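To keep things clear, I will list the structure first and then write my remarks on it.
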Amino acid sequence: HHHHHHHHHLLQSSHTFVDLAAIKCVRDRGLDHAVEKESNLRPMLNLKNLIKSEPSKSLPFNIITQNRETLGIPIRPTDFIRKYPSVFQEFLPGGIGIHPHVKLTPEVLDLDAEEQLIYQSDNYKQQAADRLLKLLMIARINKIPLHIVDHLKWDLGLPQDYTQSIVPEFPDYFQVTGANDSFLELVCWSDELAVSVMEKKAMKGAMGYEKGMPITFSLQYSRGFEIDKKFKKWVDEWQKLPY
């Protein structure tokens, strides 16, 4: 009987989870649009970098088509290129070619030069190194295979060549280790960086925040989102959890 009673109690407590699938989703057009733009940004920049890496600073269409998958181009490469006339320019080499080529517009080359300068600035390198160190600090064994960090380059705002341009400049933060230099490993934990932005804000407040106290996240619902009582109660309880 005791066992049965215990089991019943477990079932009851699990009902406090909110069925998120039952909550009606409201489309947020602004957000949808931002996500759509972002999904084309990566292949566009991949293609820009590929063209830029060519000695002639141009590429024939057929090479782009062959590399379509690696570049992540979601539609027919010709359509993709023509979608962004401010980035890519079509031309026929020597004016007679049967193979149309693609080059970058002057505006994009200017932007790219500006971006390269930012990559070289101390301020940028410091911020990128801080983000990378934070990532290592949350990894369970304080080291991460480089091929995984490579996948996160985009989200962490790291330059393509971060293992050459950033890692060696912060030997007190991290180092490349392992057979074939396959891991990025933490060298020294940073107490200063082990504080989230939420905690920093709370410490600036007048409440006298101490680590582990609850911190409420500011929430904004999409327009037209209907909140039922159960969901609201769940969110309120979640906001009171120790941070």
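By UniProt numbering, the letter at position 101 of the sequence shown is numbered 101, and the numbering carries on one by one without gaps.
Glycine is no exception: its CB is placed at the ideal position from the N, C-alpha and C atoms.
As the structure is a prediction and not an experimental result, all values here were calculated from the model.
By the CB criterion at 8 Å, I73 and P100 fall outside the cutoff.
K200 is the residue among R27, K200, V167 whose C-alpha sits nearest the C-alpha of K211. DSSP lists no beta-bridge partner residue for L92. Spatial neighbours of K134 in its own chain (CB-CB distance under 7 Å, excluding positions within 5 residues in sequence) are listed in chain order as L193. When C-beta atoms of the region 101-112 are compared with those of the region 121-136, fewer than three pairs fall below 8 Å, so the two segments do not count as touching.
For P77, the uninterrupted alpha helix (DSSP H) run begins and ends at 77-83, by DSSP.
If you draw a straight line from the Cα of F80 to the Cα of G178, it comes to about 41 Å.
Going by C-alpha positions, G205 is about 52 Å away from P77. No Cβ-Cβ contact shorter than 8 Å links L184 with L152. As computed with DSSP, F183 is found in a beta bridge with P145, T177. A straight-line Cα-Cα distance of about 15 Å links I63 and F91. Bounds of the alpha helix (DSSP H) holding V197 are 197-204. DSSP places K57 outside both helix and strand once states are collapsed to three, so it counts as coil.
Within the model, the alpha-carbon separation for F225 versus D155 is close to 29 Å. K103 carries a strand assignment under DSSP once its states are collapsed to helix, strand and coil. Following the DSSP letters along the chain, one finds K230 inside the alpha helix (DSSP H) bounded by residues 229-239.
Here the alpha carbon of D228 sits roughly 19 Å from the alpha carbon of S218. Secondary structure of P74 (DSSP, three-state): coil. Annotated three-state conformation of P168 is helix, per DSSP.
In this structure, L31 sits away from L47, with a CB-CB distance that is not shorter than 8 Å. Secondary structure at P43: helix, using DSSP grouped into helix, strand and coil. In the DSSP assignment, R131 falls within the alpha helix (DSSP H) that extends over 122-138. Excluding its 5 nearest sequence neighbours in each direction, V26 has C-beta neighbours in its own chain below 7 Å: S222, G224, F225, listed in chain order. A129 is a Cβ neighbour of F170, given a cutoff of 8 Å.
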